[in-house]
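Residues 29 to 129 in this note's numbering are what the sequence shown spells out, letter by letter.
Ideal Cβ positions, reconstructed from N, Cα and C, are used throughout, including at glycine.
The next block holds one structure in the form of structure tokens; read it before the comments.
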Amino acid sequence: MKDWGFAQTDPSQELAQLHQFAIKKLQPGGDVEFIITVKEFITPKEPTMHFFAKSDKQTNQRTAPFTPCGWGKTMLEALSECVRAINRFPYEGKESTSAGA
Numbered sequence: 029m030k031d032w033g034f035a036q037t038d039p040s041q042e043l044a045q046l047h048q049f050a051i052k053k054l055q056p057g058g059d060v061e062f063i064i065t066v067k068e069f070i071t072p073k074e075p076t077m078h079f080f081a082k083s084d085k086q087t088n089q090r091t092a093p094f095t096p097c098g099w100g101k102t103m104l105e106a107l108s109e110c111v112r113a114i115n116r117f118p119y120e121g122k123e124s125t126s127a128g129a
């Protein structure tokens, strides 16, 4: 167990360390930056899923809004699943910027 994990006094507290990543989604209407936060749980509810990644933005907003996310045994697994989910649907919000900006 990592030393910071000893701060948790009860597993129901779900103590987690946060890791942040940024990725740019390239689209015809302009590029959009997504911030992905990965939670590393010390005692996850599902023992094989220590990492949960979630995007700060939704995609597919006009049809059926979808929040990209991913679970995994490793940070790479969760992060990769979230990136694939970001690329699954177009970003249809207002925040896209021109490629030159």
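Three-state secondary structure assigned by DSSP to residue i
i: E109; result: helix
i: D31; result: helix
i: L104; result: helix
i: Q45; result: strand
i: I27; result: For the chain, the structure presents residues 29 to 129; residue 27 sits outside this window and is missing.
Nearest neighbour of residue i, chosen from the options [CA to CA]
i: M77; options: F49, L107, Q48; result: L107
i: K82; options: T91, P93, K53, Q48; result: Q48
i: N115; options: Q36, F94, K101; result: F94
i: W99; options: G58, I51, S40, E74; result: E74
i: F34; options: M103, T87, T71; result: T71
Contact set for residue i: own chain, Cβ-Cβ below 7 Å, skip 5 residues either direction
i: Q45; result: W32, E68
i: A129; result: Residue confidence for A129 is low, a pLDDT of 43 falling below 50, so the modelled location carries little weight; the figure read from the coordinates is stated next. Excluding sequence neighbours, A129 sits near nothing in its chain.
Check whether residue i and residue j have beta carbons under 9 Å apart
i: V60; j: C110; result: no
i: E105; j: F79; result: yes
6 Å Cβ shell around residue i - same chain, five flanking residues per side excluded
i: K85; result: F62
Cutoff 8 Å; reference residue i; Cβ partners in own chain excluding five residues on either side
i: A90; result: It should be pointed out that residue 90 corresponds to Arg in this sequence rather than to Ala. So the qualifying residues of the chain are E120.
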